[in-house]
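Chains as they are written, first to last, in my numbering: chain G, 181 to 771; chain W, 718 to 898.
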């Protein structure tokens, strides 16, 4: 153990004790909590605690994943039980402050569950339906700690992995440990992380980049953003360890502009890590140095593709590059680079801390560890669950998610993001496992599971997905640019009851060409939503084509913008090159 | 609000605001895209002078900057209306009624799709995913998220925005999930 870390850990233990020496109120905010109104709950809680003259700490934390219960308030008094309260609007705060916060007696009728303690009349949190099969590794700290306070992260075992790597292991050892753990990329492709790192480690260049992909433009997936806003240090530590293993000098966290909570939290966490000597030169007093920063991208789904991501970091249009050269040889700024999903990196500190054997003991033989599924749509318990591989979709959706809220039958689960597929309800017994799912033609992808009940029109949902894919096509290569537009046009006329004979075959034809001719996965998989919908719900499509679909489809209004170029009020600067708008600008030589 | 400053500013002030936004961006690595995002955040839109300024700062041409700016749909090139309303149209929100929300708003605001109202009060926009899917249908009012939205609540929130409430009140019992079967 390094001397610097010993010191840090002592400080963290002290801080953790201090936090528990008085009442501690934790409220989940960020993307999840805010949409439920948690900001007002925080403001009310701070006000009421101050006015009651109480000495209590009120912290904003990430999400437990129990999003149906948000705003979620977590109260623990010194020596008392720790209790979670569900749906605490600001109108309930005064009463909670008057009862639990002041007296230490839980207000059981508003409580959801107890944590690490027993309260008569309350279930323990791990016995809630949504927590039943959970094993939390990437989400180990979510909801427990103030995401931007380094000492809280350290108090819960944070940075032990990095310290162990730097004191007892060589970069090669770390690489081997990750390989042995069987860690596979969580961004969708499920490629072996250790092998991928090996490509970069083998490149002797002095400046190398470790890129952390949190673009996550997939509607229905929010696990990357959750990791980032609930526990940014786990990513920073994971990325630093990855830097040590591969000899990378710089880390870049890549986030979509507009998601304020994850961006602000990871930024302040990076600042805190620098201040504590956990980033920058001579980390923990060793001769290992590593820098990290945040890079933002405009709204673009394709920016999640690894070479498009590098273009965006360089400040250009997020359009995929040709490969080869591969990123490990020529990546961002022309330097060797490695791209990892946020969740993948969030596992790394725990793998190093607890060892590869521990990690392979979780999950299935070929898919080690856990997966984070995002439940939304027609579901009782919406939110995030982290489950070991090997559980079935049905367990996740029906047992943990509680099925549909009003007892209607589940019709399908949309998985794998907007390029993914639809699992009809009779296919939900599929086991969560990278290879099993690929064999069955299903995608787990980024982890979004959108549950749709029997009142949902498959044709309408497919049109929505195709409209998304069309809008997000970057336009670089024509099979995708024209193909997506064509698919949307056909879907639109099927939805409005004007489908023509041969339309389904036409879409298949277009889809085949897109698969063969597109540069990146966006075009290659662009036909997937239609293909999987046709496979499971072909009859509904055919009925809709004839104008008597079982479910009425309402008109759809999509966004105006596409990647074909926005319009200025009158003319674009490009069309005005010879006009007076740019006349006074001196041409600048391009570097 | 900064937007109103930008709207009423003369071109010199506007140029200064743009320069300030470019100079004060938080990331260490400055690119065309990071500068444009910074200007969009500060002013709510990308004025023409920003294209020039960014081009000059990054040693590239206005055309190259425009190439980037026109690609990302979160940039706009005219000042925004006073209040911003975004409706998520991701598949989760879609099946939970986002279209009814959006089309209801179109009717309410007299718009035929995305755009600004004639009185300069509201900018209505669709967002591919606001990221709070468990709380769908989700909208963003003045860049603050609000979930489990209905058209009646939304209309009420718009009124609150107009009369100058700092933030619409989201946190009352009507937004509460009902655990009873």
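In this text, a Cβ means the ideal position worked out from N, Cα and C, and glycines have one as well. These numbers come from a predicted model, not from an experiment.
- Going by C-alpha positions, residue 655 (chain G) is about 40 Å away from residue 452 (chain G).
- Between residue 215 (chain G) and chain W, the shortest Cβ-Cβ separation is below 8 Å.
- By the neighbour-count definition (other C-beta atoms within 10 Å, threshold 16), residue 742 (chain W) is a buried residue.
- By the beta-carbon neighbour count (other beta carbons within 10 angstroms, threshold 16), residue 719 (chain G) is exposed.
- Contact annotation, residue 754 (chain W) with residue 806 (chain W): C-beta distance approximately 22 Å; criterion of less than 8 Å not satisfied.
- Per the DSSP secondary-structure output, residue 634 (chain G) pairs with nothing in a beta bridge.
- Where residue 454 (chain G) is concerned, there is no enclosing beta strand (DSSP E), although the alpha helix (DSSP H) around it starts and stops at 440-455.
- Contact between residue 598 (chain G) and residue 633 (chain G) does not hold, since the beta-carbon distance rounds to 20 Å and is not under 8 Å.
- Spatial neighbours of residue 503 (chain G) in its own chain (CB-CB distance under 8 Å, excluding positions within 5 residues in sequence) are listed in chain order as 487.
- Assigned with DSSP and collapsed to three states, residue 611 (chain G) falls in strand.
- The Cβ atoms of residue 384 (chain G) and residue 429 (chain G) lie no closer than 8 Å to each other.
- Between residue 477 (chain G) and residue 437 (chain G), the C-beta gap is smaller than 8 Å, which places the two residues in contact.
- The beta-carbon of residue 870 (chain W) is placed no less than 8 Å from the nearest beta-carbon of chain G.
- Cα atoms of residue 595 (chain G) and residue 528 (chain G): separation of roughly 26 Å, rounded to the nearest angstrom.
- Comparing C-alpha distances from residue 317 (chain G) to each of G:461, G:294, G:235, G:522 shows the shortest one belongs to G:522.
- For residue 624 (chain G), no Cβ of chain W is located within less than 8 Å of the residue's own Cβ.
- For residue 204 (chain G), the enclosing beta strand (DSSP E) begins and ends at 203-208.
- In this chain, residue 296 (chain G) is not harboured by any beta strand (DSSP E), its DSSP state being neither H nor E.
- Contact annotation for residue 754 (chain W) against chain G: 437, 476, 478 [CB-CB distance below 7 Å, chain order].
- When the beta-carbon positions are compared, residue 686 (chain G) and residue 710 (chain G) stay at least 8 Å from each other.
- Residue pairing by DSSP places residue 188 (chain G) in no beta bridge whatsoever.
- Every alpha helix (DSSP H) stretch that sits fully inside the stretch 303-345 of chain G and reaches 4 residues is listed by chain position as 330-335.
- Note that the C-beta distance between residue 700 (chain G) and residue 482 (chain G) is below 8 Å.
- When the beta-carbon positions are compared, residue 433 (chain G) and residue 407 (chain G) stay at least 8 Å from each other.
- Assigned with DSSP and collapsed to three states, residue 644 (chain G) falls in helix.
- The criterion of a C-beta distance shorter than 8 Å is satisfied by residue 251 (chain G) and residue 208 (chain G).
- In the DSSP assignment, residue 663 (chain G) falls within the unbroken alpha helix (DSSP H) covering 658-675.
- DSSP places residue 425 (chain G) in the helix class (H, G or I) of the three-state scheme.
- Going by C-alpha positions, residue 731 (chain W) is about 35 Å away from residue 393 (chain G).
- Bridge partners of residue 552 (chain G) according to DSSP: G:566.
- Identification of residues in the stretch 781-797 of chain W having a C-beta nearer than 9 Å to some C-beta of chain G yields 781, 782, 783, 784, 785, 786, 787, 788, 789, 790, 791, 792, 793, 794, 795, given in sequence order.
- Where residue 715 (chain G) is concerned, the enclosing alpha helix (DSSP H) starts and stops at 708-725.
- Per DSSP, residue 274 (chain G) lies in no beta strand (DSSP E); the unbroken alpha helix (DSSP H) holding it starts and ends at 273-276.
- Any Cβ of chain G closer than 8 Å to the Cβ of residue 733 (chain W) would place that residue at the interface, and such an atom is absent.
- A straight-line Cα-Cα distance of about 12 Å links residue 444 (chain G) and residue 744 (chain W).
- Taking the C-beta atoms as reference points, residue 431 (chain G) is found nearer than 8 Å to residue 419 (chain G).
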